[in-house]
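Chemist: Per this note's numbering, the sequence shown runs over residues 549 to 973. Shown below is the structure under consideration.
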Amino acid sequence: MKHDKKVLVLSILTAAAMTVTSPLQVMAENPEFAHDEATWARLRDNVMEYDELQMLVEEYNPTYMNNQVSYKDSRTKDDAETVRQDLKDAADDMTSQAEDMRDTADSLLDLANSLQNMSKEQADAVLKQAGINSVNSLMSSYNAMYLGAAMMDNSAMKQNISADSQYDDDESRKLKYQKTQNGLIMSVQTMFASYNQMKSSLDVIQKNIEIMEAVQRSTETRASLGMATQMDILTAKKNVQSIQSTYTQTRTSLDSVKHSLCLATGWQFNADPDIREVPGADMNRIAAMNPDVDKQTALQNNYDLNYNKKILKNMTEGSTDKKNMERTIKNLEETVAASMVNLYNDILQKKTAFELAEAALATETTAMNAMERKYQLGMASQLDYLQEQAAFLGKQIDRQTAEISLFQAMETYDWALKGMLSTGN
Numbered sequence: 549m550k551h552d553k554k555v556l557v558l559s560i561l562t563a564a565a566m567t568v569t570s571p572l573q574v575m576a577e578n579p580e581f582a583h584d585e586a587t588w589a590r591l592r593d594n595v596m597e598y599d600e601l602q603m604l605v606e607e608y609n610p611t612y613m614n615n616q617v618s619y620k621d622s623r624t625k626d627d628a629e630t631v632r633q634d635l636k637d638a639a640d641d642m643t644s645q646a647e648d649m650r651d652t653a654d655s656l657l658d659l660a661n662s663l664q665n666m667s668k669e670q671a672d673a674v675l676k677q678a679g680i681n682s683v684n685s686l687m688s689s690y691n692a693m694y695l696g697a698a699m700m701d702n703s704a705m706k707q708n709i710s711a712d713s714q715y716d717d718d719e720s721r722k723l724k725y726q727k728t729q730n731g732l733i734m735s736v737q738t739m740f741a742s743y744n745q746m747k748s749s750l751d752v753i754q755k756n757i758e759i760m761e762a763v764q765r766s767t768e769t770r771a772s773l774g775m776a777t778q779m780d781i782l783t784a785k786k787n788v789q790s791i792q793s794t795y796t797q798t799r800t801s802l803d804s805v806k807h808s809l810c811l812a813t814g815w816q817f818n819a820d821p822d823i824r825e826v827p828g829a830d831m832n833r834i835a836a837m838n839p840d841v842d843k844q845t846a847l848q849n850n851y852d853l854n855y856n857k858k859i860l861k862n863m864t865e866g867s868t869d870k871k872n873m874e875r876t877i878k879n880l881e882e883t884v885a886a887s888m889v890n891l892y893n894d895i896l897q898k899k900t901a902f903e904l905a906e907a908a909l910a911t912e913t914t915a916m917n918a919m920e921r922k923y924q925l926g927m928a929s930q931l932d933y934l935q936e937q938a939a940f941l942g943k944q945i946d947r948q949t950a951e952i953s954l955f956q957a958m959e960t961y962d963w964a965l966k967g968m969l970s971t972g973n
């Protein structure tokens with residue numbers, strides 16, 4: 549269907565979503581003026597393109613939207629000290645409740661002791677007036693009250709410990725929120741690339757099925773002439789079944805990725821959008837990179853680093869936590885700086901791999917053209933022709949895979965500049 553594409557499912561990414569045939573209609577997250585008319589038209593058509601993914605996630609991704617709501621609901625202008633004090637006040641309230649529960653338990657025990665000096669009739673009357681069935685029930689209430697007080701004390705202790713290590717404030721929570729949202733965009737971009745690579749592999753598997761079927765037919769013909777055994781035929785059949793099973797499994801995985809991609813970008817689970825290819829690798833991007841300069845930008849923007857620096861300001865001077873955080877920040881700065889160089893070198897390696905894949909494809913193209921001529925002249929069998937087709941297709945896929953890998957390496961580098969360098973934090 550043509551979208552009204554962005555019919556979405558806010559909480560339908562759960563198992564329930566799998567059984568829903570028509571999704572919950574929702575509006576886009578941002579108002580109409582957030583994008584121009586042409587952009588909205590692109591977002592609402594039935595075509596999914598890589599350069600739309602960030603906007604699609606921002607407008608229609610259920611997790612992204614839920615995170616926005618949760619973040620807005622939890623925002624506060626309180627600083628870390630106020631947050632800590634609120635937690636400690638809550639802990640004090642729990643301690644007071646525990647004390648009240650112990651007082652009540654002591655009163656129950658006093659009542660139980662006083663009953664021992666009464667006649668049965670007097671004791672029953674007192675219990676009835678207190679709304680208690682028996683002495684056993686009275687003691688059960690006593691035990692439960694004391695146990696509850698102990699549990700409440702334990703909760704208060706944990707709350708105090710939590711308060712002592714609470715350094716978050718609104719600014720630090722915002723950094724965590726922004727990192728999480730960007731991480732969603734990155735994951736969808738990776739999913740898009742994976743879909744394209746998996747889709748290409750299906751073509752190779754399909755061609756190999758044709759080859760295995762041709763081998764099976766050839767084996768059966770040779771067997772009829774006494775040139776192959778029944779075991780040879782059985783082996784050929786098993787090879788066909790094996791490659792067909794591989795195709796089915798890959799097809800299933802591809803469909804699963806497609807469904808996840810649809811849900812993450814605003815389509816219905818069972819939609820069939822036109823998912824376009826990953827953009828080609830622009831070599832000009834590499835020429836513009838300078839890791840020695842770029843690492844300063846990455847250090848300035850890194851979410852983990854900025855979060856830790858913010859937390860550091862909220863820590864008590866001279867405390868063990870602050871000293872540990874200072875060491876963490878220093879190590880993180882070194883990691884970010886070194887990682888930018890590593891990411892750049894990874895791009896150069898993938899560029900070389902792409903160039904080699906292009907050269908291999910050029911060589912295989914020459915071989916494919918020669919096979920075309922031989923096949924047309926009857927100088928090559930169908931099996932020879934299919935095998936060369938498979939080899940040619942394989943080189944095409946190798947080139948495409950190498951280019952996608954190079955493109956993703958460039959994207960990873962750019963995300964690192966925006967602060968999204970993976971540091972393990």
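The beta carbon of each residue, even a glycine, is placed where N, CA and C say it ideally should be.
#1: Would you call the CB atoms of alanine 964 and alanine 846 closer than 7 Å?
#2: For the alpha helix (DSSP H) containing phenylalanine 902, list its first residue and its last residue.
#3: Per DSSP, what are the beta-bridge partners of isoleucine 823 in this structure?
#4: Using 8 Å for Cβ pairs, my map puts asparagine 856 next to methionine 873. What's the rounded Cβ distance?
#5: For the alpha helix (DSSP H) containing methionine 968, list its first residue and its last residue.
#6: Would you decide whether threonine 864 is buried or exposed? Buried here means 16 or more other CB atoms lie within 10 Å of its CB.
#7: Can you have a look at aspartate 640 and say buried or exposed, based on whether 16 or more other CB atoms are within 10 angstroms of its CB?
#8: Return the first residue and the last residue of the alpha helix (DSSP H) that phenylalanine 817 is part of.
#9: If you reduce the DSSP assignment to three classes, tell me which class serine 667 lands in.
#10: Have a look at Asn854, Thr783 and Gln602 and flag the residue whose alpha-carbon is nearest the alpha-carbon of glutamine 737.
#11: Residues in the same chain with beta-carbon distance under 6 Å from tyrosine 694, minus the five sequence neighbours each way, listed in chain order, please.
#12: Do we get a CB-CB distance below 7 Å when we pair glycine 828 with the residues of chain B?
#13: Can you tell me whether serine 953 is buried or exposed? The criterion is at least 16 other CB atoms within 10 Å of its CB, across all chains shown.
#14: How far does the alpha helix (DSSP H) with alanine 836 in it reach, from first residue to last?
#15: Are the CB atoms of leucine 931 and alanine 762 nearer to each other than 7 Å?
#16: For threonine 960, which residues from the same chain have a beta carbon less than 7 Å from its beta carbon, with the 5 sequence-adjacent residues on both sides left out?
#17: Quick check: phenylalanine 740 and alanine 829, are their CB atoms within less than 7 Å of each other?
#18: Taking C-alpha atoms, which residue in Asp637, Leu663, Gln745 and Gln729 lies nearest to isoleucine 945?
#19: Once the 5 residues before and after glutamine 948 are set aside, which same chain residues still bring their CB inside 7 Å of it?
#20: Specify the secondary structure class of aspartate 751 as computed by DSSP and reduced to three states.
#21: For isoleucine 680, does the three-state DSSP call read helix, strand or coil?
#22: Which same chain residues, not among the five before or five after valine 752, have their C-beta less than 8 Å away from its C-beta?
#23: If we ignore side chains and look at the alpha-carbon of each, how far apart do methionine 575 and arginine 592 end up?
Modeler: With the given structure in hand:
#1: yes
#2: 868-924
#3: Met596
#4: 6 Å
#5: Run containing methionine 968: none; DSSP gives neither H nor E here.
#6: exposed
#7: exposed
#8: It is not in any alpha helix (DSSP H) - phenylalanine 817 carries neither H nor E in the DSSP assignment.
#9: coil
#10: Gln602
#11: Ala653
#12: The displayed structure is made up of one protein chain only, and chain B is not part of it.
#13: buried
#14: Per DSSP, alanine 836 belongs to no alpha helix (DSSP H) and is neither H nor E.
#15: yes
#16: Leu891
#17: no
#18: Gln745
#19: Ser748
#20: helix
#21: coil
#22: Ala938, Leu941, Gly942 and Ile945
#23: Bear in mind that the predicted position of methionine 575 carries a pLDDT of just 47, short of 50, making it unreliable; the figure below should be weighed with that in mind. Cα-Cα distance, rounded: 12 Å.
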